[in-house]
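Asks: Submitted below is the structure of interest, expressed as structure tokens.
Numbering (the numbering used here), first residue to last: 56 to 384.
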């Protein structure tokens, strides 16, 4: 019974046969993020598809394996296949049957379709037996495993102080099977949202004794209850009273590592931004940390009684005469 034909590797990644290395890598990363077993727990279809995509990338990301696949197609994926021995067999077949020119011109599908009859099968068997298929295959160099991507979620405090965090990943084994593992990721203090941490040797397993690929953990910082990120700076809205904004005040505000005193200058308008130097995120490279940028929000009193209303009316003499003049210029 004929063995089921593998899906074309280019088709598996959704790229044309002349795709650049960068296009192949981009397509793989997009599909890996979508199909990764961690994103689709219990989904066998997604898991199987992930294996197909991983195998396709492991071949097409390797120049030698990609060249062999382009030349010989699916047969080049078989265990022990030796491209040099196959080329010699192809040339010998051409010399014996007068088809060398067409054989060399054939690409992946053409090679398999043109030489699927008995003569080539017999010849390949003769050539590989005669020239030592096993010895040739054993001389094939080890193949590096594919790189694996994962998302590492951190809260803002974890990103600021750094440290270590455990991350459970699924990575392809040497035969493409999914392997689950928990790894420890060292997080530099001040790691940025969207930044990437490389963990060497924690990607897909290598084949034939090859080195494993790397794990690339992409940092995703969860939204904070009161702080917002702007690069290395932290943004914070601080409510102040009419009295504090008018007369000035010193108010206590939270920071990532505790508390700090913020000086509100007299006559501060709502929306004014004040800066606390060095109270933002640290820089992983050792440069100056970011700042804490505070936006003042004046809160007016509500539900005032007649006495408070009278006092506020008394303040009207301090209102600027041209308060809204700029709106009509």
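Idealized CB from N, CA, C, for every residue including glycine.
#1: Would you check if the distance between the CB atom of residue 25 and the CB atom of residue 327 is smaller than 9 Å?
#2: Under a three-way DSSP split, which group does residue 66 fall into?
#3: For residue 235, write down the residues that DSSP places opposite it in a beta bridge.
#4: Could you name the residues of the same chain whose beta carbon sits closer than 6 Å to that of residue 262, not counting the 5 residues immediately before and after it, in chain order?
#5: Taking only the alpha-carbon atoms, compute the straight-line gap between residue 298 and residue 277 and give it to the nearest angstrom.
#6: Assess contact between the segment 76–87 and the segment 104–118, defined as three or more Cβ pairs (one per stretch) separated by less than 8 Å. Is contact present?
#7: Quick check: what's the CA-CA separation for residue 187 versus residue 140?
#8: Do residue 336 and residue 287 have their beta-carbon atoms positioned less than 9 Å apart in this structure?
#9: Should residue 281 be labelled buried (16 or more other beta-carbon atoms within 10 Å of its own) or exposed?
#10: Using a threshold of 9 Å, state whether the C-beta atoms of residue 252 and residue 289 are closer than that.
#11: Would you mind sorting residue 260 into buried or exposed? The rule is 16 or more other CB atoms within 10 Å of its CB.
#12: Just list the alpha helix (DSSP H) runs in the segment 279–332, keeping only unbroken ones of 4 residues or longer that don't cross its boundaries, in chain order.
#13: For residue 370, count neighbouring Cβ atoms within 10 angstroms of its own Cβ and tell me buried if that reaches 16, exposed if not.
#14: From the DSSP output, in three-state form, read off residue 220 for me.
#15: Rounded to whole angstroms, what is the Cα-Cα separation between residue 270 and residue 90?
#16: Going by DSSP, which residues form a beta bridge with residue 262?
#17: Using only the alpha-carbon positions, how far apart do residue 372 and residue 300 sit?
#18: So residue 106 packs on residue 227, CB below 8 Å; how close in whole Å?
#19: Return helix, strand or coil for residue 107, following the three-state DSSP convention.
#20: For residue 129, name the three-state secondary structure that DSSP assigns.
#21: Quick check: the Cα distance between residue 265 and residue 256, rounded to an integer number of angstroms?
#22: Within 10 angstroms of its Cβ, does residue 364 collect 16 or more other Cβ (buried), or is it exposed?
#23: Measuring alpha carbon to alpha carbon, tell me which of 325, 334 and 321 ends up nearest residue 312.
#24: Cα separation between residue 379 and residue 292?
#25: Going by the beta-carbon positions, is the gap between residue 317 and residue 349 smaller than 9 Å?
#26: Determine the direct distance from the alpha carbon of residue 82 to that of residue 104, and round the result to whole angstroms.
#27: Which residues in the same chain have their Cβ closer than 6 Å to the Cβ of residue 200, if we skip the five residues on either side of it in sequence?
#28: Please check the pair residue 64 and residue 101, which I expect to be a contact at CB under 8 Å, by giving their CB distance rounded to whole angstroms.
#29: Just list the residues that DSSP pairs residue 357 with in beta bridges.
#30: In whole angstroms, what separates the C-alpha of residue 136 from that of residue 67?
#31: Can you name, in chain order, every residue of its own chain whose Cβ lies under 7 Å from the Cβ of residue 353, other than the five neighbours on each side?
Replies: Here's the rundown:
#1: The question about residue 25 has no answer here: the residues shown for the chain are numbered 56 through 384.
#2: helix
#3: 225
#4: Closer than 6 Å at Cβ, skipping near neighbours: 198 and 229.
#5: 36 Å
#6: yes
#7: With a pLDDT of 44 at residue 187, under the threshold of 50, the modelled position of that residue is not reliable, and no figure is offered here.
#8: yes
#9: exposed
#10: no
#11: buried
#12: 297–302
#13: exposed
#14: strand
#15: 16 Å
#16: 198
#17: Roughly 17 Å between the two C-alpha positions.
#18: At roughly 7 Å, the Cβ-Cβ gap stays under 8 Å, so residue 106 and residue 227 are in contact.
#19: In the structure shown, residue 107 sits in a helix (DSSP, three-state: H, G or I).
#20: helix
#21: 11 Å
#22: exposed
#23: 334
#24: 25 Å
#25: Contact: yes.
#26: 14 Å
#27: Answer for residue 200: 258, 259, 260, 261, 267 and 268, listed in chain order.
#28: Residue 64 to residue 101, Cβ: 19 Å. No contact.
#29: According to DSSP, which records beta bridges pairwise, residue 357 is partnered with nothing at all.
#30: 21 Å
#31: 295, 297, 300 and 325
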